[in-house]
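What follows is a short report on a single structure.
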Amino acid sequence: MINVTLPDGTINEYAEGITCAEVITDALGRKHGCLAAFVDGVEKDMSTKLSSSCSVEGILSVSEEGIHILRHSAAHLLAQAVTELYPGALPTIGPAIERGFYYDFKMDPITEADLKAIQKKMQFLAKQNAVVERIELNEEDLKSHFEHNPYKLEIINDKLEDGAGSTIYKQGEWYDLCLGPHVPNLSRLMFVKLTSVSSAYWRGDQEREQLVRIYGLVEPTKDALQATLKNIEEAKKRDHRKLGKDLQLFHIDEEVGQGLILWTPRGSIIRQELQDFISFHLRRQGYSQVFTPHVGKLDLYRTSGHFPYYQESQYPPLVEKDLMRKLADEGCSCSELANLMKSGDIDGYMLKPMNCPHHVKIYSSQARSYRDLPLRLAEFGTVYRWEQSGEISGMTRVRGFTQDDAHLFVTEEQIAEEVLGCIELVQIIFDKLGMTDYRVRVGLRDPDSDKYVGQSEGWDKAEDACRSAAQSLGVEWTEEEGEAAFYGPKIDFVVRDVIGREWQLGTVQVDYNLPERFDLLYKGNDGEMHRPVMIHRAPFGSMERFVGVLIEHFAGKFPTWLTPTQCHIITISEKHKQYAQEVADLLKEKEIRVLVDDGDDTIGKKIRTHRKMQPAYMVILGEGEAENRTVSLRARNGDQVSDLPLDQFVDDLMTEISNKEPQPCLVPSQQQSED
RNA sequence: GCCACCAUGGCUUAGCGGUAUAGCACCUCAUUGGUAAUGAGGAGGUCGCGAGUUCAAUUCUCGCUGGUGGCUCCA
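Residue numbers (my numbering): 20 to 694.
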């Protein structure tokens, strides 16, 4: 007999060999809803036989572990369906992921249209409700089970020690190499939805074959699945690429170039407001504003190390016409030209991929003493990077972007305090914008990689400085090896958007390397020359990416201070044109952004039209308002307030804007939102 | 860069081997209307670009450009 401890503390005695399923059924009844169990805290199948005293706790499909098992099992079901429909298809790997599951197959490409049939097959198989069976096999048997699948054999050879066996999971005649656990039977997997098909490299290696990857969702109930699908639909409506077009915030034109953002008047207002906001804080923190050109000589980037290191992701260099002609006359080939550039035998210009070298040159334009430090140089600097064409997307991944950049030249003793100042700035901004869902990542070098430059002593010090700064932040932070820049460690602020994607926005980087490469010096109070340390930082990261994320964060409903047109004035009839103009002039005088619609559409029609542009307020003006010098307001959610005295409205609105209130607040919320 | 899919007036979209729908937006006229579409009329497209097949191509084929979903990459 063995003793089994249940979550509520009771201890039951059972015969040895009893299964988890039997224990849980005994404790909770037949409709326990568990799909696996923790045995002494370790995830096990329901069919696991208990051989000694232990604790047992059921895993429900709504728990984090439960949904993970559900997804993983659904991936197996997908593989079964695909291999039955496409006999030549070879399953490779198929894990559960954050929002569902996928499975990679070696097979001929399929299209989204094919997913319907596969999903139907999955649901058919789920209805058959085969039992999922765990089978332990020795190495030889294991290999013979997968002798026609080189991918599985590769995993067996790589992951298992010589001579070690492993397990397969079998449902009906189909089986897969897997450690489990899995659902006890397939009927648990009724509520699946295949979402997309794409491709992936085998084991994530660009050099190896491309596989067909099928993504899917699974939920424990029909309602849960419908809710998940609805969430995805809602998220799509927030997509900054769609909203950017609808709200006329930016435009990308193929004749201008891929990944190059044209900021339209309305989007430019948002960007300008953000820049003003940040500039205000920069002045407070003692930064100096600078401007530098968009190009620089190749030699500059040879010295900085950017040219040789990041050649693949730079726009092609610009070479002078006469030199090009001369080289062409001499029969110089393209590859020879590239070599000459690489070796430094010919020079040219480059679109700047970053602002640091220019700022470094401002530092070194004068002899510096310790009294000049910290020297903080800030610039909204536009940089150009040749991102891979397939990677470019909307505003979040582009080829030309403006960093809210700054470089701080500091003494070693000043690092900790200055890094902290940078971090505080990031926090002020995130706080003001209500971006609370972010994590802090301290990026360290990968000890096994040789991509990093500089002395390891400097690295150690810089890494320590980042750690202690992150520590003092009072926010959850993680260290990640291999996430450092090639010149130094960094602290990144990674923001999670509404769809759960993560975006690296703010960044602070400590750099011992560039001062070395450019031989930067200052005279200390000891009369000796010393080397300063550089801190790179950009609280927004790039204006493009930040605004892109912000559009989705607010779903286009910006706080009043950021809203491109804050008030849309709508007249009831032609008779109120004059009063509308008066109100508009008054608001404009106070630098409030306003638009007047005194056209002859009906009031309902106008409201419908203007709602699409998401003004902070619609200001409705008719008979009563004109007579009493009042306004009526309509908020984005349809709430209204009537007969607000005009002067009070203007005052309140100005206060709201200068306070940078997170949402419009002049119309008290009366009901649940109609949006 | 790789794989798959996609590309029709400003936007959303129908369609097909014989140069093309519809709605919104736009313009004109009438309407003077109180919080999610007043009515009538009008104008606007060499169907992303280039080549090929064909008597004929927006429709089929290839290339290019751009987009979408992923992979790889991201100073």
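No residue lacks a Cβ here, since even glycine has one placed at the ideal position from N, Cα and C. Since we're looking at a predicted model, the values are computed, not measured.
Practice task
Would you mind reading off the limits of the beta strand (DSSP E) that contains residue 14?
Solution key: Missing from the structure shown is residue 14; the chain here goes from 20 to 694 and no further.
Problem - residue 166, buried or exposed, once every other Cβ within 10 Å from all chains shown has been counted against 16 - result: exposed
Exercise for the section: Using the Cα positions of residue 254 and residue 32, report the straight-line distance between them to the nearest angstrom. Expected result: 51 Å
Exercise for the section: Output the distance between the C-alpha atoms of residue 82 and residue 202, rounded to the nearest integer angstrom. Expected result: 14 Å
Exercise for the section: Can you tell me which of the three DSSP states residue 503 falls into? Expected result: coil
Problem - When 331, 348 and 370 are compared against residue 357, the one with the closest alpha-carbon - result: 331
Practice task
If I'm right that residue 402 touches residue 372 with Cβ under 8 Å, what's the distance once you round it to whole angstroms?
Solution key: 6 Å
Problem - Of the listed residues 620, 443, 533 and 499, nearest to residue 493 (C-alpha basis) - result: 443
Practice task
Could you tell me which of 337, 351 and 361 sits nearest to residue 369, measuring between CA atoms?
Solution key: 337
Practice task
With distances taken Cα to Cα, identify the nearest neighbour of residue 433 among 459, 394, 164 and 538.
Solution key: 394
Problem - Close Cβ partners of residue 419 (< 6 Å) along its chain, the five nearest in sequence each way excluded - result: 279 and 403
Handout entry: Nearest residue (CA-CA) to residue 686, options 677, 465, 636 and 59
Key = 636
Exercise for the section: Tell me, please, which residues DSSP counts as bridged to residue 185. Expected result: 156
Handout entry: Residue burial classification, residue 64 (beta-carbon count within 10 angstroms, cutoff 16)
Key = buried
Problem - Counted within 10 angstroms of its Cβ, other Cβ atoms place residue 26 as buried (16 or more) or exposed - result: exposed
Handout entry: Between the CA atoms of residue 44 and residue 211 - distance to the nearest angstrom
Key = 26 Å
Exercise for the section: Leaving out five residues on either side along the sequence, give the residues of the same chain with a beta carbon under 8 Å from the beta carbon of residue 283. Expected result: 267, 268, 269 and 270
Problem - Alpha-carbon to alpha-carbon, residue 584 and residue 455 - result: 26 Å
Handout entry: Which of helix, strand or coil DSSP assigns to residue 687
Key = coil
Problem - residue 653: first and last residue of the uninterrupted alpha helix (DSSP H) it sits in - result: No alpha helix (DSSP H) holds residue 653; the beta strand (DSSP E) holding it covers 649 to 653.
Practice task
Have a look at residue 383 and residue 539 and give me their C-alpha separation to the nearest angstrom.
Solution key: 7 Å
Practice task
Kindly indicate which residue of 345, 548 and 531 has the alpha-carbon position closest to the one of residue 472.
Solution key: 531
Problem - Beta-carbon gap between residue 653 and residue 664 smaller than 9 Å - result: no
Practice task
Check whether the Cβ atoms of residue 191 and residue 144 lie closer than 9 Å to each other.
Solution key: yes
Exercise for the section: Over the uninterrupted alpha helix (DSSP H) stretch that includes residue 458, give me the two end residues. Expected result: Careful: residue 458 lies outside any alpha helix (DSSP H), inside the beta strand (DSSP E) at 457 to 463.
Problem - residue 522: first and last residue of the uninterrupted beta strand (DSSP E) it sits in - result: 521 to 530
Handout entry: For residue 42 and residue 70, the rounded distance between their alpha carbons
Key = 13 Å
Practice task
Could you tell me the boundaries of the alpha helix (DSSP H) in which residue 284 lies?
Solution key: 284 to 303
Handout entry: Assigned secondary structure, residue 398 (DSSP; H/G/I helix, E/B strand, else coil)
Key = strand
Problem - Distance CB(residue 56)-CB(residue 35) smaller than 9 Å - result: no
Problem - Sub-9 Å separation of residue 246 and residue 424 beta-carbons - result: no
Handout entry: Short Cβ contact (9 Å threshold) for residue 602 with residue 650
Key = yes
Handout entry: Buried versus exposed, by CB contacts within 10 Å (16 or more), residue 708
Key = The structure shown does not extend to residue 708, since the chain is modelled only from 20 through 694, so no value can be given for it.
Problem - Reduced DSSP category for residue 625 - H, G, I as helix; E, B as strand; rest coil - result: helix
Problem - Cβ pair residue 552, residue 428 closer than 9 Å - result: yes
Practice task
Closer than 7 Å by C-beta to residue 187: which residues in its own chain qualify, once you throw out the five before and the five after it? Chain order, please.
Solution key: 154, 156, 164, 194, 195, 196 and 197
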